[in-house]
Every structure is written in structure tokens, then in C-alpha cells.
DNA sequence: CCACCAATTGCAAATCGTTTGCAACTAAAC
DNA sequence: GTTTAGTTGCAAACGATTTGCAATTGGTGG
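Residue numbers (this note's numbering), protein chains in the order written: chain H, 213 to 364; chain A, 213 to 364.
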């Protein structure tokens, strides 16, 4: 008996919401950018730039343009970067209002990804910060394992 | 009043202990390898290959040799890889008998590193594994913040 | 509707970390 | 010593990401 959506609030943002965010920052809403946002909107998984490129209709834009667009979106906080340790950065649209803080469980065989709600206990993190007199402490946490399909 | 060593057991392994491990695997104990092991022995921090290279007496060996040596040491479980998300892998000698599982608190300003004892609660990890029917679940966890010296 | 300008794009080339091919070299065993 | 599998240096290949630059374009003001 699985709940329909056990993850975070996942309502897809309107494309217009996203583009207006761009305009507000006096950035242009161009063909490549809308296309990239559309891809991200429809993929609730972290994607590499190359994967986004592959999803794009052939010749829509250059790979470099994607790197630049993603870079911009990340700077504006519209996209969050994830690192699964395989040498390629992955990006995911940040849900409206959310801080984009959550983690993943990645299959080491097929690279499948499940979003994880659990997070490192905030209190312990606070203790770590205090004990070491560090400020603005955050963490990067990802889980790895073998998914059901890859276990046979 | 700081305890002398608040980290894990940190007794330096003898170089001979390390080299014999190599011989046991029918690998050769060469100049470059001993030199690299010496560097690692004296640096209880994760080092990039390039940093190891810089520590080495000039011309001791090629950077490529370090990559290869580290690769071997990692395969033998003598060295553990860490990823601070800055594009360069870091390596640290695994304490004898230890599984090398611990984390770091990294300063985002100066890249200073503190070893962290706390770990993600094993029980919750088990729950995550069970709930998603994943096997052999582990995690990668690092903390980031601003160290005391960089706070002014 | 048009002109204007900063923002954007494509393409080629540069960077950076890491890996690989290969011929010359050497530690360790006999 | 001789032998040989394991190593090394050097050059080149690689994959991800960035940068320079000239050509293009979205959006604003008129």
C-alpha cells in the first residue's frame, strides 16, 4: 500500500513561473532556455548536462549553451547540483519555495535514483558545528546501494 | 581543554607494515611507492594526487605514477577516496584494521579539514534500505562550513 | 513597428583531472 | 646473475567543463 507521493511536495512548476523568474533578473527567455526548463520540469531526477542535451530535440542548441544555462539557473537558485561521485554533475529543478535540501539513494549498478526524505539529524549537525566552532555548516549526503531490479 | 586526539585511533602505521602488505599481494615496493606512503603516513588529511606530487622531493616520480600507485592502494583497501565536490579526488591512508568509514568537516574558504566521528545513524540507513528494497546500502557524507580562522 | 543594446549563442579551442599505450626499466624470486 | 612480471616515464588520449569571440537576438523604449 504505497502512498501516491512519499516524497516532497512535487507539484510541477509552471513554465511561465520559471521564465518570469528569469525575466525578473533581466535575463532573456530564449529557445534553449525554455527547452531546458521543460526537460527539467518533466524529469524529477537529477540530470547531467549531457543527458539534458540528449533529451533536447536534435540541434535545439549546443551542449555549451546547456552548461551556461544550467550555470545561470544554479546561480539563481532555480536548480540544485548533485554529485553522485561519477565525475558528472547532475541538476534538478528546485521546487518552488523549497530549499532543495534532500538526498538520494542511487543504484550503483543501473544508476537509478530514489529521492530520500531522511536527512542527517539537524541537532547532531549543530553539535558538530559548535564543537568545532564552524559556522554555516551544511552537509552533502547521498546513499548508494543495489536496487531491487539489479539484485538478481 | 582539548583532548590530545579527539579523532579515531590514529597511531601511524609503520612503513614496513604498509610495504609488506604490498609484497603480500606480489606488488613491488618501489621508490615512488614508499615515498607516496611516507607522505600519506605523515598527512592525516585527505590529499589530492597533485598535492602528494607537490610534497614529493622534486623529480621523485611522475604525476602519472602517483595516480597509478594511489589506484593500486585504493584497490588493496590501503587508501580511502574522499570527494569534497571540488573536482579533485582526495586520498587518505586507512588506519590498520579500520574500515575507513568516517567523515569530514571541510572549510569552504580555506579547504581546511577536520575529521568527524559522528556518522549517519545506522538504524535509519537500514530503514532506508528496507523501505526501498535496496541492498548493500552505504552513504557518502561530508560537512561543509566556515572554520574559526576564516570567520573574521 | 523599429531601433538599440545588453544578454545570449555557436563554434573552436583551452583547461583540468584522470586514464591509457608503449617501450624502457627494475624489484624480487630462482 | 638471470629471468620475468610488475613498474615507470613520457606522450597522447579522454571526458567534463570553461572560455574567447564574433554573430545573433530578446526585450525595452520610442
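The beta carbon of each residue, even a glycine, is placed where N, CA and C say it ideally should be. On a predicted model such as this, the values are computed, not experimentally measured, just so you know.
CA-to-CA distance, residue j to residue i, given in whole angstroms
i, j, result
"residue 253 (chain H)", "residue 349 (chain H)", "30 Å"
"residue 221 (chain H)", "residue 340 (chain H)", "Reliability fails at residue 221 (chain H), whose pLDDT of 48 lies under 50, so the model's placement of it is uncertain and the value that follows must be treated cautiously. Each residue's alpha carbon lies about 29 Å from the other."
"residue 308 (chain H)", "residue 299 (chain A)", "29 Å"
"residue 345 (chain A)", "residue 278 (chain A)", "39 Å"
"residue 266 (chain A)", "residue 324 (chain A)", "17 Å"
"residue 191 (chain H)", "residue 334 (chain A)", "Residue coverage of chain H in this structure runs from 213 to 364, which leaves residue 191 (chain H) outside it and unanswerable."
"residue 337 (chain A)", "residue 322 (chain A)", "31 Å"
"residue 301 (chain H)", "residue 302 (chain A)", "18 Å"
"residue 270 (chain H)", "residue 264 (chain H)", "11 Å"
"residue 343 (chain H)", "residue 360 (chain A)", "11 Å"
"residue 274 (chain A)", "residue 274 (chain H)", "37 Å"
"residue 255 (chain H)", "residue 256 (chain A)", "41 Å"
"residue 297 (chain A)", "residue 297 (chain H)", "8 Å"
Nearest-angstrom beta carbon gap, residue j and residue i [assumed within contact, 8 Å]
i, j, result
"residue 331 (chain A)", "residue 315 (chain A)", "7 Å"
"residue 268 (chain A)", "residue 246 (chain A)", "Not a contact, Cβ separation roughly 11 Å."
"residue 320 (chain A)", "residue 276 (chain A)", "In fact, because the Cβ distance is near 30 Å, the residues do not count as touching under 8 Å."
Proximity winner among the options, relative to residue i (alpha-carbon distances)
i, options, result
"residue 290 (chain A)", "A:235, A:258, A:356 and A:304", "A:304"
"residue 286 (chain H)", "H:271, H:272, H:265 and H:261", "H:261"
"residue 243 (chain H)", "H:237, H:251 and H:236", "H:251"
"residue 352 (chain H)", "H:295, H:342 and H:280", "H:295"
"residue 362 (chain A)", "H:284, H:347, H:258 and H:360", "H:347"
"residue 326 (chain H)", "H:258, H:236, H:237 and H:232", "H:258"
"residue 239 (chain A)", "A:283, A:255 and A:336", "A:283"
"residue 310 (chain H)", "H:338, H:301 and H:292", "H:292"
Cut-off 6 Å between Cβ atoms - residues of its own chain near residue i, not counting five sequence neighbours on either side
i, result
"residue 230 (chain H)", "249"
"residue 272 (chain A)", "247"
"residue 234 (chain A)", "241"
Cβ-Cβ distance between residue i and residue j below 7 Å
i, j, result
"residue 318 (chain H)", "residue 312 (chain H)", "no"
Same chain, Cβ closer than 7 Å to residue i, five either side skipped, listed in chain order
i, result
"residue 224 (chain A)", "253"
"residue 328 (chain A)", "314, 315, 316, 317 and 355"
"residue 364 (chain A)", "none"
"residue 232 (chain A)", "none"
Residues near residue i in its chain [Cβ-Cβ closer than 8 Å; skip 5 each side]
i, result
"residue 281 (chain H)", "244, 245 and 248"
"residue 237 (chain A)", "288"
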